[in-house]
Amino acid sequence: MKKIKYQCNVSLDYKNSINIEPDKINSFIPKILDNLLKDATISSTACFSGLKFKTLSFDILFTDDDKIHQINKEYRAKDCPTDVITFALFADDDFKIVTDDDIYLGEIIISLDTAKRQAKNALFDEILVLITHGILHLFGFDHQTEEDYNFVVGIQNHIMNIL
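Numbering (the working numbering), first residue to last: 143 to 305.
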């Protein structure tokens, strides 16, 4: 497997206090990506499979329920907050343009309010689950069917067990 560089910009648009360090989140993102790409099914069927590139880049925005509710309503016609929304720009692009050996995958938006409610253990663990889920969407894996959902959640759980 070729060595791929990762560029992830993490931003916070959250008005409440949160006890999560962005540097700690950033330190786990390459681990998530490396482990995902070690999986032959993922690496051979991801939206960038077979393309020549050196860097995968994407953004993560942490926000609240109000903001993600607004985004969910505007872009998905769902009038409620959700945990994670992914704009998989590269996966959804029919042309798959690679610029300067870089693939910009898109953006992951995570509601910290919903993550707090869903967290079974530590909030940080739930955030890693949602990041992994979002990255799978950026890679082009969706879950319109129960079989696809089970695949995505199975990979997501596998990565969490490794971490």
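Ideal Cβ placement from N, Cα and C applies to all residues, glycine included.
Taking the alpha carbon of residue i as the reference point, which residue from the options has its own alpha carbon closest?
i           : options            : result
residue 201 : 247, 164, 243      : 247
residue 249 : 276, 174, 261      : 276
residue 193 : 215, 159, 242      : 242
residue 298 : 271, 286, 285      : 271
residue 154 : 290, 289, 231, 206 : 206
residue 161 : 288, 302, 145, 267 : 267
residue 251 : 195, 227, 238, 191 : 227
residue 230 : 221, 189, 269, 261 : 189
residue 258 : 148, 204, 173, 180 : 204
residue 148 : 286, 208, 199, 215 : 199
residue 187 : 301, 233, 240      : 233
In or out: residue i buried (at least 16 other Cβ within 10 Å) or exposed?
i           : result
residue 304 : exposed
residue 255 : buried
residue 273 : buried
Just checking my contact of residue i with residue j at CB under 8 Å: how many whole Å lie between their CB atoms?
i           : j           : result
residue 278 : residue 294 : 5 Å
Check whether the Cβ atoms of residue i and residue j lie closer than 8 Å to each other.
i           : j           : result
residue 195 : residue 244 : yes
In angstroms with no decimal places, state the Cα-to-Cα distance between residue i and residue j.
i           : j           : result
residue 210 : residue 182 : 33 Å
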